[in-house]
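> Residue numbering for the sequence shown is 4 to 652, as defined by our numbering. Virtual Cβ for every residue (Gly too), placed ideally from N, Cα, C. Predicted model only: the values in this text are computed from it and were never measured. First, the structure itself, so that you have it in front of you.
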Amino acid sequence: MTASHLHTGSRGWRLAIVFILVGFALRLFRLDAQALTGDEAFTIVNWTRLPLSTVFSTIALIDPQPPATMLTIIGWIRVVGDSVFAARMLSALAGTITLAAAYALGRKLGNHRVALFALAFATLSPVYVWYAQDVRGYALWIAVSAVSAWAFLQAVTQPARRGRWLVYIGLAALGLYTYYLEAFLIIAQNLYVLTCLPHNRRLLKPWITSQLAIAALVAPWYLQPSLRNSGYEPTAGDVNLPWVFEALLFGETLPARLNPELFAIGMQVFTAASIIGIILTIAAIITLARSRWHHAAVFLPLYALVPTLMLAVLTVVTGEGFFRPRYVAASAMAYILLAAFLIEILLQYARQRVTAAQVTYTSLAGLVVLTLFGIGGVSLWAYRFGPSKAPPWPEIVDTLHAQADEDDIVIQNFPDPAFQYYYAGRAEATILPQDRTSTPAETYAALEQILAEYDHIWFLPVPTDLYDAEQIVAGWLLEHAQLTSEQWIGRSHLMQFARWEVDTGDIKHPLDAQFGDVATLRGVSFTPPVERWQRGTTIYVETIWEPTAQTEEALRLFVHLLGPIGPDGLPLWAQDDHAPQYERISSTTWTPGEMFRDVAQLTIPVDAPAGEYAITTGLYDPTMLERVPLDATAPSEPDSATLAIFSLP
């Protein structure tokens, strides 16, 4: 080895270490910023908070994960705790091992430049960053699978060295104990060996021995009858091959406006990113096949495509929804290495050609780099700074903690374990329908009982095909209960309902404001509470009235937001004027002594100046434009009752 080669290798290792450290920092950055997904929360709640006997007799069948993954995550969380940051740290560490494996595979199959290109792409890969910040087994599997692939290549290139085969056998078995679909990558390895046998007959015996050894090591777990009759129902989708190219190269967080669906052929949906991914992959395979790296030209296409095709076959044969890119996430390494080889070969072409061709090939290599980093960077940015993984559960439960009382109930129409992880409020929580087999009649009966028993129902509707596909919970509540507030927290909808009938027990903040001989204002409440009001806040003003007499003309209610004098010379900043309960009842026919609830909606303007504000209410005759007199008039507005006074800084 010459001095120049030694210098180049040393410099490559130094750059590799820098990339790996940057990658680790990137995986730690905002590690707990994204809320837990339902799968992540399920892992924490059902793996780590239950006895091991229950986990392996029940949970491992409902959530089919091999024991190495379960034991590793359970042990980690029981030692470091189950906060979001602590739980995800294990995946961040595993994701860093994957970076080292990317460099090692690049060196083994290509050269130090291929290795550095692969490491750079892996460092910023949206796929790898996502799973390195995910409390599931994917990061562990991707890391073990990548190291196992490196050990496989080490053994195959020197079949006479038994030590290398032993390392490979151990890692391959560990991979199968980490994720079941590692078997697809083992199949890809077998196919690769079959292509090598005509040129290397010495490979046959150690290879057969290694496969028998791997099978013997995993047999105690894989041959359990319970695994074949677990009752697990896959919830992924139909075969959509272009999705894999997009997801494994660019992640799944590209904004839809930048990555529109262009066309579909049957179930195969082609987006801009998927087409670019397919073109890059085909170009890399063709270019690599014409290069001097013959082993890589066979191994990488097999490692990239065979698992995806096997998953597609499994989905079609079983008729079950098994197809999802994350189930072949370990193949992302092959796509990254193919891209790295494509760039290296284009640059080699540039060095071997005359000036005009040099510019062309160099430009093509630069275009590949810009495409990978550009599209991947947009995807990574969208993931980093948006609620890409899950609904903003911390904000949702914080809202419920502040607003839902012990006499309320929270209903979900989908059993998301993330809610169970985050929620610790005073109100009871339940799921309706109770399970997938519940009939609409059973759900209606449960809702009727809940409406009669609780003061308010807080409902988190989720569009889902699994539990409440027809949205019967929302439909029943909207038909039989009074909608008292709606709040949007990110893209999550939080609705509040109450029964139409009102009694004194529903009065949270009593009032006694007599409006002539027509009605008495008995109580008021606000959603959200006063301490959360700021510019842009929408306030639901819930007032309870007791009629004392009917009127000849139908009266209207007004709720006003009054504050400093505005640009129009008036103190009125927002208002909601409407018939009682939006014409559900009328002052000409209401029953004296029978209380009712009315809900008004005000939004504090974003340009509201600093100062003191008041919310007032009253009744008026829209025909004569005369207000019903109030016995004790508020100083801020004639014949109106002051409901709240607050300040904006």
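1) Would you say A250 lies against chain B (beta-carbon separation less than 8 Å)?
2) So, are the CB atoms of V247 and P328 less than 8 Å apart?
3) Enumerated in chain order, which unbroken segments of the beta strand (DSSP E) with a length of 3 residues or greater are wholly contained in the stretch 250-310?
4) Going by the beta-carbon positions, is the gap between L480 and L514 smaller than 8 Å?
5) Tell me whether H10 sits in a helix, a strand or coil according to DSSP, three-state version.
6) By Cβ distance below 6 Å, which residues in the same chain neighbour T467 in space, the five residues on each side in sequence not counted?
7) Where do the ends of the beta strand (DSSP E) carrying G78 lie?
8) Quick one: what's got a C-beta closer than 7 Å to Q423's C-beta in the same chain, skipping five residues either side?
9) At a cut of 8 Å, does the stretch 97-117 reach the stretch 163-180 through at least three beta carbon pairs?
10) Please state the DSSP three-state secondary structure of R559.
11) According to the Cβ coordinates, are D579 and L605 closer than 8 Å?
12) Measure the C-alpha to C-alpha separation of D642 and H563 and round it to an integer number of angstroms.
13) Where does A239 fall in DSSP's three states?
14) Alpha carbon to alpha carbon, what distance is there between A501 and S488?
15) What is the residue span of the alpha helix (DSSP H) that P526 lies within?
16) Which of the three DSSP states is assigned to R537 in this structure?
17) Entirely within the stretch 354-417 and at least 3 residues each: give me those beta strand (DSSP E) ranges in chain order.
18) Within 10 Å of its beta-carbon, does L24 have 16 or more other beta-carbons around it, so buried, or fewer, so exposed?
19) Would you give the residue range spanned by the alpha helix (DSSP H) that H459 belongs to?
20) In whole angstroms, what is the alpha-carbon distance linking L565 and L575?
21) According to DSSP, simplified to helix, strand and coil, what is G621?
22) Which residue wins for smallest C-alpha separation from Q654, given the options F462, I378 and P443?
23) Find the nearest neighbour of T619 within the set A407, I288, G478 and V544, judged by alpha-carbon distance.
24) Cutting at 7 Å between CB atoms, please list the residues of its own chain near L651, excluding the five before and the five after it.
25) Please go through the same chain and pick out, in chain order, the residues whose beta-carbon is closer than 6 Å to the beta-carbon of A239, but skip the five residues on each side of it.
26) Between the Cα of L252 and the Cα atoms of D241, A259, E264 and I279, which residue gives the shortest distance?
27) For the stretch 175-191 against the stretch 309-321, are there 3 or more C-beta pairs whose distance is under 8 Å?
28) Under 8 Å by Cβ, that's how I've got L265 and A275 pegged, so tell me the actual separation to the nearest angstrom.
29) Measure the alpha-carbon distance for E555 versus T530 and round it to whole angstroms.
30) Roughly how many angstroms lie between the CA atoms of E347 and S334, to the nearest whole one?
31) Could you name the residues of the same chain whose beta carbon sits closer than 6 Å to that of Q660, not counting the 5 residues immediately before and after it, in chain order?
32) For L646, which of helix, strand or coil comes out of DSSP?
33) Exposed or buried, what is T5 when buried is set at 16 or more other beta-carbons lying within 10 Å of its beta-carbon?
34) Work out the CA separation of A552 and T592 for me, nearest whole Å.
35) Return helix, strand or coil for F325, following the three-state DSSP convention.
36) Just checking my contact of V3 with L39 at CB under 8 Å: how many whole Å lie between their CB atoms?
Looking at the coordinates:
1) Of the protein chains in the structure, only one exists, and it is not chain B.
2) Stepping through the sequence shown from its first residue, residue 247 is reached at position 244. Stepping through the sequence shown from its first residue, residue 328 is reached at position 325. Closer than 8 Å, so yes.
3) Whole beta strand (DSSP E) segments, 3+ residues: 264-268 and 271-274.
4) To locate residue 480, count along the sequence shown from 1; it is residue 477. To locate residue 514, count along the sequence shown from 1; it is residue 511. No, they are not a contact pair.
5) One-based indexing of the sequence shown puts residue 10 at position 7. Any reading at H10 must be qualified, since the residue scores a pLDDT of 47, below 50, and its modelled position is unreliable; the value itself is stated next. If DSSP states are grouped into helix, strand and coil, H10 belongs with the helices.
6) If you number the sequence shown from 1, residue 467 lands on position 464. Cβ neighbours of T467 beyond the five flanking positions: F417.
7) Reading the sequence shown from its first residue, position 75 is the one you call residue 78. First-last for G78: P70 to V83, but that is the alpha helix (DSSP H), not the beta strand (DSSP E).
8) As a position in the sequence shown, residue 423 is number 420, starting the count at 1. So the qualifying residues of the chain are A44 and V48.
9) no
10) On the sequence shown, residue 559 is found 556 positions in, with the first residue counted as 1. Note: R559 maps to strand in three-state DSSP.
11) As a working mapping, residue 579 is identified with position 576 in the sequence shown. As a working mapping, residue 605 is identified with position 602 in the sequence shown. Yes, the pair counts as a contact, with Cβ atoms nearer than the cut-off.
12) The residue labelled residue 642 in the question sits at position 639 within the sequence shown. The residue labelled residue 563 in the question sits at position 560 within the sequence shown. The alpha-carbon atoms of D642 and H563 are separated by roughly 12 Å.
13) Within the sequence shown, numbered from 1, the residue matching residue 239 stands at position 236. It is coil, neither helix nor strand.
14) As a first step, residue 488 is located in the sequence shown; it is residue number 485 there, counting from the start. As a first step, residue 501 is located in the sequence shown; it is residue number 498 there, counting from the start. Rounded to whole angstroms, S488 to A501 spans 10 Å at the Cα level.
15) Here the question's residue 526 lines up with position 523 in the sequence shown. In the sequence on display, residue 526 carries Gly and not Pro. No alpha helix (DSSP H) holds G526; the beta strand (DSSP E) holding it covers A522 to T530.
16) Position 534 of the sequence shown holds residue 537. The identity of residue 537 in the sequence shown is Gln, whereas the question assumes Arg. Q537: coil per DSSP, three-state reduction.
17) As far as the stretch 354-417 is concerned, its whole beta strand (DSSP E) runs of at least 3 residues are 412-415.
18) Within the sequence shown, residue 24 is the residue found at index 21, counting from 1. By the neighbour-count rule (16 or more Cβ atoms within 10 Å), L24 is not buried but exposed.
19) Residue numbering aside, residue 459 sits at position 456 when the sequence shown is read from its first letter. That residue, H459, is in no alpha helix (DSSP H); it is neither H nor E in DSSP.
20) Here residue 565 is taken as the residue at index 562 of the sequence shown, counted from 1. Here residue 575 is taken as the residue at index 572 of the sequence shown, counted from 1. Spanning the two alpha carbons is a distance of roughly 5 Å.
21) By one-based count along the sequence shown, residue 621 stands at place 618. Looking at G621 - three-state DSSP - the assignment turns out to be strand.
22) Limits of the chain in this structure are 4 at one end and 652 at the other, which puts residue 654 out of reach.
23) For the purposes of this step, residue 619 is identified with residue 616 of the sequence shown, where counting begins at 1. Looking at the Cα atoms, V544 is the closest of the given residues.
24) Along the sequence shown, read from residue 1 onward, the residue named residue 651 stands at position 648. Listed in chain order, the non-local C-beta contacts of L651 below 7 Å within the same chain comprise R538, A611, A613, G614 and Y616, local neighbours out to five positions each way being set aside.
25) Locating residue 239 in the sequence shown gives position 236, where the first residue counts as 1. Same-chain partners within the cutoff: G324, F325, F326 and R327.
26) Residue mapping note: residue 252 aligns to position 249 of the sequence shown, counting from 1. With distances taken between Cα atoms, L252 lies closest to I279.
27) yes
28) Along the sequence shown, read from residue 1 onward, the residue named residue 265 stands at position 262. Along the sequence shown, read from residue 1 onward, the residue named residue 275 stands at position 272. Sure, about 6 Å apart at Cβ, within 8 Å.
29) For the purposes of this step, residue 555 is identified with residue 552 of the sequence shown, where counting begins at 1. For the purposes of this step, residue 530 is identified with residue 527 of the sequence shown, where counting begins at 1. The straight-line gap from Cα to Cα measures roughly 33 Å.
30) On the sequence shown, residue 347 is found 344 positions in, with the first residue counted as 1. On the sequence shown, residue 334 is found 331 positions in, with the first residue counted as 1. When rounded, the distance between both Cα atoms is 20 Å.
31) Examination of residue 660 is not possible in this model, given that the chain is present from 4 through 652 alone.
32) As a first step, residue 646 is located in the sequence shown; it is residue number 643 there, counting from the start. Reduced to three states, the DSSP call for L646 is strand.
33) Sequence index remark: in the sequence shown, residue 5 carries index 2 (1-based). Low per-residue confidence applies at T5: pLDDT is 45, beneath 50, and the placement is therefore not dependable enough to give any value.
34) Taking the sequence shown and counting its residues from 1, the one referred to as residue 592 is at position 589. Taking the sequence shown and counting its residues from 1, the one referred to as residue 552 is at position 549. When rounded, the distance between both Cα atoms is 9 Å.
35) Here the question's residue 325 lines up with position 322 in the sequence shown. DSSP places F325 in coil when its eight states are reduced to three.
36) The chain is shown from 4 up to 652; residue 3 falls before or after that span and cannot be answered.
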